[in-house]
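In full-length UniProt numbering, the protein residues as written are 1 to 346. Here a beta-carbon is modelled for each residue, glycine too, at the ideal position from N, C-alpha and C. Nothing here was measured: the structure is a model prediction, and the numbers come from that model.
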């Protein structure tokens with residue numbers, strides 16, 4: 001039972017210090033030890049609470065953000081929710097440009113938190129005026145007294161994790177971590193955490209997870225931006241069709257790509273085996289871990305930390321919906337539907 005019971009002034013004081021949990025069943029038979037950093041324990045239920053609070057408070061400290069101003073951001077949903085949460089507590093207006101790929105659950109939550117939401121087409125180039133990047137930039141130029149967070153190109157994105165996630169993992173593992181596995185979207189989580197960990201021990205391997213349809217893995221390997229790598233995919237918050245400057249590719253040792261289908265099934269498997277109700281990118285991170293283990297990446301001395309970025313409640317209409325999974329063609333003889341676990345008494 002936790003003994004750190006106290007009264008907090010507001011939920012922002014609960015950001016960070018998330019638990020590290022030993023994975024027991026899903027990694028059974030694997031060499032080494034495996035731990036998950038559960039970012040859903042943040043008050044906004046994702047790792048994005050860290051960057052939202054850090055960037056906004058830095059803007060306040062520098063006098064860039066003043067009472068009554070409007071905060072604008074592009075988001076796949078999680079950053080938007082975190083910004084909306086911080087904004088409502090601190091008294092700012094919040095406008096979010098969201099990809100149409102974002103789940104209905106996420107969009108509904110953004111509206112509930114008081115944000116004004118612009119839903120933009122997902123499958124257009126980043127420089128298309130309809131993309132959520134360009135819509136956010138346009139709104140920032142039009143709205144006087146607005147501040148654009150710009151997480152993809154904001155160094156403070158990395159800094160938030162350098163100051164919090166990295167030190168937490170180092171302390172929680174007592175400096176024994178050998179591998180970090182993290183998804184890469186904006187790149188802030190993996191880059192900031194990796195920078196801190198590499199400063200403590202340069203031998204720690206940083207393993208990034210990317211999506212099929214994203215340019216990050218090939219760019220890491222060749223420093224070439226290849227548009228032929230870009231095509232539609234379903235995972236939210238993973239991969240990119242541009243190169244974010246919030247990603248430090250030099251601290252990442254290797255990228256592994258995962259499929260939409262396998263990531264979805266891995267998320268469901270985490271729930272069934274570990275009792276952790278996690279989101280789509282957590283499934284992607286777990287799927288990447290499985291693939292890396294099969295490739296012989298780990299040995300008996302490995303202490304592997306995988307970051308699970310958010311909570312499964314944001315994907316009820318997607319990966320935890322049998323109807324959605326069927327529509328995507330994700331069910332086969334190897335995967336049972338959750339409806340098979342339901343018996344209706346009449």
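Closest in alpha carbon position to residue 303, among 204, 199, 90 and 192, is 204. For the set 27, 326, 135 and 128, the Cα lying nearest the Cα of residue 119 is the one of 135.
The three-state reading of DSSP puts residue 271 in helix, counting H, G and I together.
Under DSSP, residue 205 forms a beta bridge with 179. The continuous alpha helix (DSSP H) containing residue 110 extends over residues 104-112. Taken in chain order, the whole beta strand (DSSP E) runs of length 3 or more contained in the stretch 238-304 are 254-258. When secondary structure is reduced to three states using DSSP, residue 57 falls in the helix class. Sequence-distant Cβ neighbours of residue 263 in its own chain, meaning closer than 7 angstroms and more than five residues away, are 235, 280, 283, 284 and 287. A direct Cα-to-Cα measurement between residue 318 and residue 75 gives close to 18 angstroms. Going by C-alpha positions, residue 269 is about 8 angstroms away from residue 26. As DSSP reads the structure, residue 36 sits in a beta bridge with 21 and 306.
A residue is called buried once 16 or more other Cβ atoms fall within 10 Å of its Cβ, and residue 22, having fewer, is exposed. Bounds of the alpha helix (DSSP H) holding residue 194 are 188-200.
At the C-beta level, residue 54 and residue 131 stay beyond 9 angstroms of one another. Within the stretch 120-177, the runs of beta strand (DSSP E) that reach at least 3 residues and sit entirely inside it are, in chain order, 146-148.
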